[in-house]
Amino acid sequence: MEKALYTILSNELIADKTYRMRLQGPTGALKRAGQFVDVAIDGFFLRRPLAAQEWDPESLAVIYKVVGQGTEVMSAMQPGQVLELLCGLGNGFDAGACRQSALIACGGLGASPVFSLAKELIAQGKKVCVVMGFNTDADAVLVDDFKAMGADVHLATLDGSLGIKGFVTDAIKAVQPEFDYFYTCGPAPMMKAVCASLEGPGEASLEERMGCGCGICYGCTCHTASGPRRVCADGPVFKKEDIIW
Amino acid sequence: MVTEVNLCGVTLKNPVIPASGTFGFGLEMAGEYDLNVLGGISLKGSTLEPRFGNECPRIAETPDGMLNSVGLQNPGVYALVEEKIPQLRKIFGGAVIANISGFSLEEYVKSCSIADKCEGVDILEVNVSCPNVHGGGMAFGTSACAAAEVTAAVKALCHKPVFIKLSPNVTDIVAIAKACEEAGADGLTLVNTLLGMRIDINRRVPILANRYGGFSGRAIFPIALRMVNQVKRACKIPIMGCGGVASASDVIEMMMAGATAVQVGAENLRNPYASKEIVEELPVLMQKLGIENINEIIGVA
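Residue numbers (this note's numbering), protein chains in the order written: chain A, 963 to 1207; chain B, -19 to 281.
So, in structure tokens, the structure goes:
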């Protein structure tokens, strides 16, 4: 974990009420895809936990949707503004668990934390199939970016405006991708359905209202097969067999 | 310049202590900085048996504060004394405060005597003020009679200094503080969280799964300060001041109100380095205010 000041490089609307913010600052604490940062916003007591979508040695990007007052304030922020972040939180995905081919199933902004994972897997020479679900095409994010990195991308929307009409699990059934390990991130009901419908090993990135974001307050504890675990520090990524939905 | 304070014979290099429930068992932050800068650590509240606590959401935000309804998640007092404290002792030489909660008089006594026998423990902090558990916790701390009964029972068996952590959710905190003092308490921790609530107006349901939760953070500082001062003026035993402390200036103010040591709580959750930063800030502020020995300001206001 590292606490540091970051300068906003850009803060752009990329989908309906959805922004991508690039921040300049130290990223050494980010070790694995699926880790997150905790953003301090003036006027709000707690930080906002957001997955690191991608990063290089000098900057990182987060994607967020305006869902409350904190993200509303964030959406009005301008390049040059300075934010304090806790960086490098959580365990992240285990890219090594996949031997040859991975299925990444994501819903909504769940596309953000798995973005660097897909890049990493492809860099390791593994085949990556990404099945993305959104409510409607106005919500779609990162679709072209996943395609550009060489992933095999399939889409589902609830209203059929992009890809097949239905859920991520419907698209997976239609595509029948080959994989030896799966990764999933998105709304809990979606991840539950993905974990229930897929045989074979995989992992999911859970979400919970957090206090500290770094494991000291025990405010985000979930039940797992191996006992109580903190989503922020023991997770957010848990093995399929450990998760109690 | 002297920042050292003394709590019932236990010397702290400075008065700054992360409050129970906001700093885990200390071990969670061990990789982040040298914990030995801290005067002491009040460990996560422990009960006789392991507890999961309440269901999530357990956290809600408020203007200038937060609510929690963790509900005493802990691995039990045996894991505390056999695993957590020995591990912490390998890296931490400051005061270790074991925070104990319970659901019956017998449970308080048993857990406290187990913690009392643990070599690594310097002070027992008896939590009779947790608002997040049913049939225990706060029920003991909102009645002068019950608080005194717990105090006397624990004191009868324990040899280490016993601090009673009191609830602010009472009409007359002085009466309860005095009852604890008369029952033999060596000190008091003032105050635990205030019972609060938030509602999700879109979904029309309480944000916390447990409905209500403990309100803490900067917003409660004036209330905590007032209660510390009221009790200081009525009791002789030392006080650990707690509630909304977020800066060295708050530490000084809390000590002027009457605290001998000061606990930093919710601020650790917005900034896990807060306690360390306050320790660093303290001598600078003391110099600015012309305070040579921090003990000279205890209860001056």
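For each residue, glycine too, the CB sits at the ideal point set by N, CA and C.
B:L249 reaches chain A at L1008, G1173, C1174, I1178, C1179 and G1181, counting residues in chain order whose Cβ is nearer than 8 angstroms. The beta carbon of A:P988 does not come within 7 angstroms of any beta carbon belonging to chain B, so the residue lies off that interface.
Under the three-state reduction of DSSP, A:T1131 is assigned to helix. Looking only at A:F1055, A:D1004, A:L1048 and A:A991, the smallest Cα-Cα distance to A:K1202 is reached by A:F1055. At a C-beta separation below 7 angstroms, B:G45 has these neighbours in chain A: F1007. A:V1105 sits in a helix when the DSSP states are folded into three classes.
Among the residues facing chain A, B:I258 is not included, as its CB has no counterpart in that chain under 7 angstroms away. Considered as a whole, the region 227 to 275 of chain B harbours 241 to 244 as its complete beta strand (DSSP E) runs of no fewer than 3 residues, in chain order. Rounded to whole angstroms, B:A165 and B:I219 show a C-alpha spacing of 11 angstroms.
Going by C-alpha positions, A:M1094 is about 47 angstroms away from B:S81. In this structure the region 145 to 158 of chain B touches the region 214 to 232 of chain B; the number of beta carbon pairs closer than 8 angstroms is three or more. In the three-state reduction of the DSSP assignment, A:V1193 falls in the coil class. One finds G1173, C1179 and G1181 in chain A with Cβ atoms closer than 8 angstroms to the Cβ of B:N48, taken in chain order.
Cβ-Cβ distances below 8 angstroms link A:I1084 to V1090, M1111, G1112 and A1113 in the same chain, with the five nearest sequence neighbours on each side left out; the list follows chain order. Contact between B:G221 and B:A204 holds, since their C-beta atoms are separated by about 7 angstroms, short of 8 angstroms.
Three or more Cβ pairs closer than 8 angstroms define a contact, and the region 1170 to 1182 of chain A meets that threshold against the region -7 to 3 of chain B.
Per DSSP, reduced to three states, the secondary structure at B:A(-1) is coil, with no helix or strand assignment.
The shortest C-alpha to C-alpha distance from A:S1021 to any of A:Q1086, A:G1050 and A:A1080 is the one to A:G1050. With a beta-carbon spacing of about 6 angstroms, B:N79 and B:L23 fall inside the 8 angstroms limit used to define contacts.
Inter-segment contact for the region 195 to 204 of chain B and the region 224 to 239 of chain B is present: three or more beta-carbon pairs are separated by less than 8 angstroms.
Sixteen is the threshold: since fewer than 16 other Cβ atoms of the shown chains lie within 10 Å of the Cβ of B:P43, the residue is exposed. Fewer than three Cβ pairs drawn from the region 31 to 51 of chain B and the region 91 to 108 of chain B lie within less than 8 angstroms of each other, which leaves the two stretches out of contact. A direct Cα-Cα distance of roughly 36 angstroms separates B:A95 from B:P186. When C-beta distances to chain B are compared with 8 angstroms, every residue of the region 1133 to 1164 of chain A stays at or above that value. Of the residues A:T1183, A:V1199 and A:P1139, the one whose Cα lies closest to the Cα of A:Q997 is A:V1199.
Per DSSP, the unbroken beta strand (DSSP E) holding B:V(-15) starts and ends at V(-15) to L(-13). Between B:I39 and chain A, the shortest Cβ-Cβ separation is below 7 angstroms.
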